[in-house]
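Encoded as structure tokens, the structure appears first; notes follow it.
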Amino acid sequence: MSYLKGYFERLRGGDMGVLPAVLGLIVLCAAFTLLRPVFLTPGNVANLFTQGAAVIIIAMGLVFVLLLGEIDLSAGFTSGVCAAVLAVLLTHQGLPWYVGVLASLVAGATIGLILGLLTSKVGIPSFVVTLAAFLAFQGVVLMLISGGANISIQDSAILALANRNIPPYLGWTFAGLAVAGYAVVQLLQVRNRVNKGLSAPSLSLIAARVLALVVLLGGGVYVLNLERSRNVALISLQGMPIVVPVIAVLLVIGTWVLSRTAYGRYLYAVGGNVEAARRAGINVDVIRVSAFVVCSTLAAIGGIIAASRANSVDAATGGSNVLLYAVGAAVIGGTSLFGGKGRLLDAVLGGAVVAVIDNGMGLLGYSAGVKYVITGAVLLLAAGVDALSRRRGAKAGSR
Numbered sequence: 010m011s012y013l014k015g016y017f018e019r020l021r022g023g024d025m026g027v028l029p030a031v032l033g034l035i036v037l038c039a040a041f042t043l044l045r046p047v048f049l050t051p052g053n054v055a056n057l058f059t060q061g062a063a064v065i066i067i068a069m070g071l072v073f074v075l076l077l078g079e080i081d082l083s084a085g086f087t088s089g090v091c092a093a094v095l096a097v098l099l100t101h102q103g104l105p106w107y108v109g110v111l112a113s114l115v116a117g118a119t120i121g122l123i124l125g126l127l128t129s130k131v132g133i134p135s136f137v138v139t140l141a142a143f144l145a146f147q148g149v150v151l152m153l154i155s156g157g158a159n160i161s162i163q164d165s166a167i168l169a170l171a172n173r174n175i176p177p178y179l180g181w182t183f184a185g186l187a188v189a190g191y192a193v194v195q196l197l198q199v200r201n202r203v204n205k206g207l208s209a210p211s212l213s214l215i216a217a218r219v220l221a222l223v224v225l226l227g228g229g230v231y232v233l234n235l236e237r238s239r240n241v242a243l244i245s246l247q248g249m250p251i252v253v254p255v256i257a258v259l260l261v262i263g264t265w266v267l268s269r270t271a272y273g274r275y276l277y278a279v280g281g282n283v284e285a286a287r288r289a290g291i292n293v294d295v296i297r298v299s300a301f302v303v304c305s306t307l308a309a310i311g312g313i314i315a316a317s318r319a320n321s322v323d324a325a326t327g328g329s330n331v332l333l334y335a336v337g338a339a340v341i342g343g344t345s346l347f348g349g350k351g352r353l354l355d356a357v358l359g360g361a362v363v364a365v366i367d368n369g370m371g372l373l374g375y376s377a378g379v380k381y382v383i384t385g386a387v388l389l390l391a392a393g394v395d396a397l398s399r400r401r402g403a404k405a406g407s408r
């Protein structure tokens with residue numbers, strides 16, 4: 010009871026966490042399903058995952074930077090540059106896929122290192138540094154692909170990332186391992202809190218959480234394992250898209266880093282109060298640089314996924330609304346623009362909201378302009394909720 014009481018007190022204090030994103034996702038899915046029943050068909054559900062994968066992964070990287078109260082406006086075109094590096098090495102140079110992927114990741118990490126050093130060591134505001142990079146990287150993409158050319162990707166391993174599915178039995182195995190791992194982690198957390206004399210969730214609450222995860226993952230795997238092909242004799246489309254376990258692995262690793270390591274605690278400390286963190290002995294510059302490196306590396310992964318989905322790389326890769334959707338995904342999910350508050354789960358949930366809006370509005374036949382207006386309104390609402398919750402939390406703390 011004390012744990013639940015503490016949770017409701019946090020809600021009253023303005024710390025709503027992922028609750029707005031979850032409720033918004035439920036409302037949007039229900040509304041689009043009522044208006045267009047095809048929305049929740051297996052084929053469209055699978056399309057939602059592949060459609061939103063690149064933005065979600067880029068948003069995950071942005072969470073690291075936003076936790077510090079910084080911003081990376083170049084993340085979208087960073088993904089484009091890294092995708093172009095991959096395409097040039099695979100198609101023009103004929104190198105193996107793993108060499109192209111490694112080079113793409115190194116390019117992303119190098120970009121992040123440069124941005125981080127300019128921000129932390131030179132002292133240029135991250136907004137200015139990344140805005141300059143945003144403009145410059147558009148030119149870099151054009152140079153890499155030789156002007157307005159389109160570089161086609163033929164490598165089967167790369168194309169499989171966003172266009173192939175894992176066998177149905179692997180989907181069930183993946184879901185089972187996820188549930189078991191979640192249950193073990195929850196029980197270990199309860200034991201640790203009890204040993205430290207802290208309030209902990211009851212076993213019945215843990216069981217309810219595990220049951221909810223079983224229903225969520227089980228339902229998702231069941232739907233994705235249904236046949237989605239219109240011509241089974243020609244091709245069979247069953248199983249979870251490969252991008253789903255890719256996102257899940259990144260989510261688990263990133264969440265562990267942020268919540269279970271000293272590095273994660275340092276990120277939150279620097280984002281919460283830079284001077285206090287510096288006086289506590291934290292190397293603020295190293296933390297800042299590392300956050301930009303992580304952000305750009307994840308942007309590189311997002312670029313690889315985007316190139317896989319499009320089967321090619323062109324001048325628009327990483328441009329258009331990619332950055333705006335990625336920042337929007339992180340903020341809509343609950344990550345604060347002011348620093349010190351956020352989780353990788355925010356990026357996943359916010360990315361799901363963005364993908365659902367984009368997909369659902371498309372099914373209803375609305376134009377791109379209407380999609381942008383609705384997505385912008387949702388982002389503004391999320392930012393407003395964040396600002397109001399911080400103000401409410403400050404008032405509660407001053408009492």
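Residues 10 to 408 (the numbering used here) are what the sequence shown spells out, left to right.
Where is the CB? At the ideal position from N, CA and C, for every residue including glycine.
Since the structure is predicted, the reported quantities are computational estimates derived from the model, not experimental observations.
DSSP-derived helix/strand/coil call for residue i
i, result
"residue 322", "strand"
"residue 408", "Unreliable positioning characterises residue 408 in this predicted model, as indicated by a pLDDT of 44, which lies under 50. The coordinate reading is nonetheless provided below. The answer is coil: DSSP assigns residue 408 none of H, G, I, E or B."
"residue 160", "strand"
"residue 250", "strand"
"residue 79", "coil"
"residue 354", "helix"
"residue 269", "helix"
"residue 245", "coil"
"residue 380", "helix"
"residue 50", "coil"
"residue 56", "helix"
"residue 132", "coil"
"residue 312", "helix"
"residue 390", "helix"
"residue 209", "coil"
"residue 102", "coil"
"residue 196", "helix"
"residue 282", "coil"
"residue 179", "helix"
"residue 373", "coil"
"residue 329", "coil"
"residue 397", "helix"
Cβ-Cβ separation, residue j to residue i (assumed contact under 8 Å), whole Å
i, j, result
"residue 37", "residue 365", "5 Å"
"residue 338", "residue 65", "6 Å"
"residue 328", "residue 89", "6 Å"
"residue 96", "residue 162", "6 Å"
"residue 326", "residue 92", "5 Å"
"residue 79", "residue 155", "With a Cβ gap of about 34 Å, residue 79 and residue 155 do not count as contacting."
"residue 58", "residue 253", "5 Å"
"residue 356", "residue 68", "4 Å"
"residue 74", "residue 301", "6 Å"
"residue 317", "residue 201", "About 40 Å separates the two Cβ atoms, so there is no contact after all."
For residue i: DSSP bridge partner residues
i, result
"residue 174", "250"
Distance, residue j Cα to residue i Cα
i, j, result
"residue 62", "residue 307", "12 Å"
"residue 128", "residue 121", "10 Å"
"residue 29", "residue 363", "14 Å"
"residue 43", "residue 49", "10 Å"
"residue 175", "residue 236", "13 Å"
"residue 56", "residue 234", "13 Å"
"residue 287", "residue 272", "14 Å"
"residue 147", "residue 86", "6 Å"
"residue 149", "residue 206", "56 Å"
"residue 52", "residue 46", "12 Å"
"residue 131", "residue 350", "26 Å"
"residue 178", "residue 378", "41 Å"
"residue 222", "residue 142", "41 Å"
"residue 358", "residue 342", "5 Å"
"residue 217", "residue 267", "25 Å"
"residue 285", "residue 117", "31 Å"
"residue 211", "residue 193", "14 Å"
"residue 100", "residue 160", "7 Å"
"residue 257", "residue 291", "30 Å"
Bounding residues of the alpha helix (DSSP H) (the contiguous stretch that carries residue i)
i, result
"residue 147", "135-153"
"residue 238", "It is not in any alpha helix (DSSP H) - residue 238 carries neither H nor E in the DSSP assignment."
"residue 292", "Unbroken run through residue 292: none, as it is neither H nor E."
"residue 42", "28-44"
"residue 88", "84-96"
"residue 109", "106-126"
"residue 234", "212-234"
"residue 348", "It is not in any alpha helix (DSSP H) - residue 348 carries neither H nor E in the DSSP assignment."
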